[in-house]
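Everything in the sequence shown is counted per numbering that gives the first Met the number 0, starting at 0 for the first residue and increasing by one.
Cβ atoms here follow ideal geometry from the backbone N, Cα and C, with glycine treated the same way.
Below you'll find the structure, written out as structure tokens, and then a few comments.
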Amino acid sequence: MTELRSQWLTSLISLLVSAFFFYGFNNAMTSIMPEYFLHLGGSEFIAGAQNSCFILLAIILRLGFGPLADKYGSKRLLILGALGFTLPTALMPFCPNIILAMILRALQAVGLAAFMPNIAFYVRECLPAPKISFGIGLARFALVLSLMIMPTMLFAVRDQWGNNAMFLAFTCLGVAGVVLTILLPAP
0 MTELRSQWLT
10 SLISLLVSAF
20 FFYGFNNAMT
30 SIMPEYFLHL
40 GGSEFIAGAQ
50 NSCFILLAII
60 LRLGFGPLAD
70 KYGSKRLLIL
80 GALGFTLPTA
90 LMPFCPNIIL
100 AMILRALQAV
110 GLAAFMPNIA
120 FYVRECLPAP
130 KISFGIGLAR
140 FALVLSLMIM
150 PTMLFAVRDQ
160 WGNNAMFLAF
170 TCLGVAGVVL
180 TILLPAP
């Protein structure tokens, strides 16, 4: 019994840290991208519209990812989502133009569509029934906490060292989140 409790507690903590990173990652990225698109030479319309397109694409992708999560399990979708956030962001500093930046931003929608909804699904699959609401509540707490901490930290990196350092910080958070997600035990 103690070993089982230790296993689900370890899983929950790893998931919560990863969720904290990616919730903060997503919120900071959504806030900073309009300015980055202006930096690349985009118009104010494009700078604003890219976030709307990102959210719309993530909503459309969720329709397809739902059945995939049912078929293949939440962990695979969590890994796909973690990679969806991280890989395009690692390439963002090398964007020579707005078109490539829009493509990378669209690829990030995979992260939002695959990772965020599967947090609660993974909690439901891994935790004992009496602990599910506790786990989902902690995941929501990680969301709120990340909103208060992560953008402030990431914007400070950008203000101190520039966009490339900020994208490096995003990528490091993403890599750590990917590793934590991969290490999650399968439900």
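Between Ile-45 and Phe-53, the C-beta gap is not smaller than 9 Å, which leaves the two residues out of contact. Excluding its 5 nearest sequence neighbours in each direction, Ala-164 has C-beta neighbours in its own chain below 8 Å: Val-156 and Arg-157, listed in chain order.
Closest by C-alpha distance to Phe-24, out of Cys-125, Leu-183 and Val-143, is Val-143. Between the C-alpha atoms of Leu-103 and Gly-83 there is a straight-line separation of about 10 Å. In the three-state reduction of the DSSP assignment, Gly-176 falls in the helix class. Take Leu-39, set aside five residues on each side of it, and the residues of its chain with a beta-carbon closer than 8 Å to its own are Cys-94, Asn-96, Ile-97 and Ala-100, in chain order. For the pair Phe-64 and Leu-86, the CB atoms are not nearer than the 9 Å cut-off.
Taking a contact as a CB-CB distance under 8 Å, the pair Leu-179 and Ser-73 does not count as one, their CB atoms being some 14 Å apart. The beta carbon of Gly-176 sits closer than 6 Å to those of Ser-17, Phe-20, Phe-21 and Ala-81, all from its chain and outside the five residues before and after it, given in chain order. Contact annotation, Gly-173 with Thr-88: C-beta distance approximately 6 Å; criterion of less than 8 Å satisfied. Taking 9 Å as the cut-off, the Cβ atoms of Leu-146 and Gly-134 do not count as close. Here Ala-185 is exposed. Its C-beta has fewer than 16 other C-beta atoms within 10 Å. Within the same chain, Cβ atoms closer than 7 Å to the Cβ of Thr-29 are found at Asn-50, the five residues on either side in sequence being excluded. With contacts defined as CB atoms closer than 9 Å, Leu-62 and Ile-118 fail to qualify as a contacting pair.
Rounded to the nearest whole angstrom, the CA to CA distance from Arg-75 to Phe-114 is 9 Å. Looking from the CA of Thr-170, the closest CA among Ile-59, Leu-90 and Ile-148 belongs to Leu-90.
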